[in-house]
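A.B. asks: Just passing along the structure, written as structure tokens.
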Amino acid sequence: MRRFPPAFDLVPDQVAQVIQLAGLAPSPHNSQPWRFRVLPHVIEVHADRFGWLADVDLTDRELRMACGAALMNLRLALAHAGVQPVVTLLPRLAGPTVVAEVRSGGHQRPEAEQIALVEAISDRRTHRRPFHPTAVSVECRRGLVQAARAENAWLHLIQPSERGALERLVHRARLTRLGDGGNELAAWTGSPADAESEATAEFDPNPLLAVLGMLRSSPEDELRAGQALQRVWLTATARGLVAATPPEMAAVPDIRDDLRRLLGGSIQPHALLRIGYGAPSPAAPRRDPGELLIDAFPASNRT
Ligand SMILES: Cc1cc2nc3c(=O)[nH]c(=O)nc-3n(C[C@H](O)[C@H](O)[C@H](O)COP(=O)(O)O)c2cc1C
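Each step along the sequence shown adds one to the number in the numbering used here, with nothing skipped, and position 193 is 705.
Quick look at the structure:
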């Protein structure tokens with residue numbers, strides 16, 4: 513196994529654990545499009561376009577969302593290890609693949625909520641089974657909305673009156689997406705039909721449907737949305753809920769516009785989540801944490 517360097521005041525084993533937890537983030541078709549450069553005083557998060565679904569994600573929107581989710585895990589894992597993370601998104605002087613730099617803002621004892629969220633990282637799954645017919649309590653709903661707010665995002669819980677229109681939009685998005693990116697999706701999933709089957713039973717009437725939105729949709733907002741998505745997902749997991757992101761409007765701008773109008777016009781939708789109760793889904797495989805490392809420049813170059 514590859515040797516991890518120390519960083520901040522963490523020993524190599526702790527750094528390995530932090531990177532392993534970051535790599536458990538969700539990503540479209542489990543593409544895991546992130547790498548990390550670990551230097552003594554900074555950990556860089558890089559977007560890894562190798563094998564990325566460029567035909568489907570024309571603007572790198574989902575690439576940045578996935579990297580944002582990995583960044584959320586990285587922040588939580590560092591906090592859990594006693595390091596207060598200080599994040600710079602899309603640092604101007606860094607290389608073109610760097611989406612974030614994380615430095616230490618000093619020591620801190622992890623808060624109870626951070627510990628609960630870190631513990632949820634390994635249990636979180638994309639739910640691929642039917643949902644149980646149990647309603648999500650008002651208290652849990654409030655916790656999910658607060659999790660989004662903690663990341664400066666907004667979680668809109670779909671009301672029964674909005675559900676029909678949303679279902680039609682998602683159905684249209686799925687058809688458009690399969691048409692546009694069918695060849696590349698087929699390479700990842702076996703066949704276009706497989707990609708579609710990922711979202712079977714998506715409109716079971718029981719799970720909660722929620723749209724994660726931000727005020728804007730710049731590349732930085734997409735990284736923030738990825739962090740917020742992951743915080744909501746981990747909060748759900750910590751409360752015994754399961755969640756999935758149905759094939760959605762992400763890659764289809766005009767459908768995102770329709771969804772924005774459906775939600776009142778001022779919030780940019782970034783992700784759709786189904787949340788409820790259900791038997792745990794199996795874990796998706798991950799790259800070995802050592803494979804996620806980019807070799808460090810000499811430490812004297814960047815500290
Ligand atoms: C930005 C983003 C988009 C996603 N889009 C889809 C999707 O369209 N359909 C789907 O079934 N899962 C989607 N997922 C979930 C991934 O398929 C899932 O994270 C991956 O297979 C790894 O599995 P895990 O989440 O259980 O660890 C998405 C995840 C992210 C972060």
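Glycine included, C-beta positions come from ideal geometry on N, C-alpha and C.
1) Determine, using beta carbons only, whether valine 595 and valine 557 come nearer to each other than 8 Å.
2) Between valine 754 and the rest of its own chain, which residues show a CB-CB distance below 6 Å, the 5 nearest in sequence each way excluded?
3) Quick check: the stretch 635-655 against the stretch 716-733, are there 3 or more CB pairs under 8 Å?
4) Please report the distance separating the alpha-carbon of valine 744 from that of asparagine 585.
5) Is proline 597 helix, strand or coil when you go by DSSP?
6) Which runs of the alpha helix (DSSP H), 4 residues or longer, sit entirely within the stretch 594-670?
7) Valine 630 and leucine 533: beta carbons closer than 8 Å?
8) Are leucine 590 and proline 545 touching if we call contact CB-CB under 8 Å?
9) Do leucine 669 and arginine 680 come within 8 Å of each other at the CB atom, strictly closer than that value?
10) If we call anything under 8 Å between Cβ atoms a contact, is arginine 736 one with glycine 580?
11) Hey, how far is the Cα of alanine 593 from the Cα of valine 657?
12) Would you say the beta carbon of glutamate 734 is closer than 7 Å to some non-hydrogen atom of ligand 1?
C.D. replies: Concretely, from the data shown:
1) Numbered from its first residue, the sequence shown carries residue 595 at position 83. Numbered from its first residue, the sequence shown carries residue 557 at position 45. Going by C-beta atoms, valine 595 is not nearer than 8 Å to valine 557.
2) Residue numbering aside, residue 754 sits at position 242 when the sequence shown is read from its first letter. Excluding sequence neighbours, valine 754 sits near His639, Gly790.
3) yes
4) The sequence position of residue 744 within the sequence shown is 232, counting from 1. The sequence position of residue 585 within the sequence shown is 73, counting from 1. C-alpha separation (whole angstroms): 12 Å.
5) One-based indexing of the sequence shown puts residue 597 at position 85. Reduced to three states, the DSSP call for proline 597 is strand.
6) 624-633, 650-662
7) Along the sequence shown, read from residue 1 onward, the residue named residue 630 stands at position 118. Along the sequence shown, read from residue 1 onward, the residue named residue 533 stands at position 21. Against a cut-off of 8 Å, the Cβ pair of leucine 533 and valine 630 comes out as a contact.
8) Residue numbering aside, residue 590 sits at position 78 when the sequence shown is read from its first letter. Residue numbering aside, residue 545 sits at position 33 when the sequence shown is read from its first letter. No, these two residues do not count as a Cβ contact at 8 Å.
9) As a first step, residue 680 is located in the sequence shown; it is residue number 168 there, counting from the start. As a first step, residue 669 is located in the sequence shown; it is residue number 157 there, counting from the start. No, Cβ-Cβ distance for arginine 680 and leucine 669 is not below 8 Å.
10) On the sequence shown, position 224 is the one that residue 736 refers to. On the sequence shown, position 68 is the one that residue 580 refers to. Yes, they are a contact pair.
11) To locate residue 593, count along the sequence shown from 1; it is residue 81. To locate residue 657, count along the sequence shown from 1; it is residue 145. Distance between the alpha carbons of alanine 593 and valine 657: 26 Å.
12) The residue labelled residue 734 in the question sits at position 222 within the sequence shown. False, no ligand heavy atom lies under 7 Å from that Cβ.
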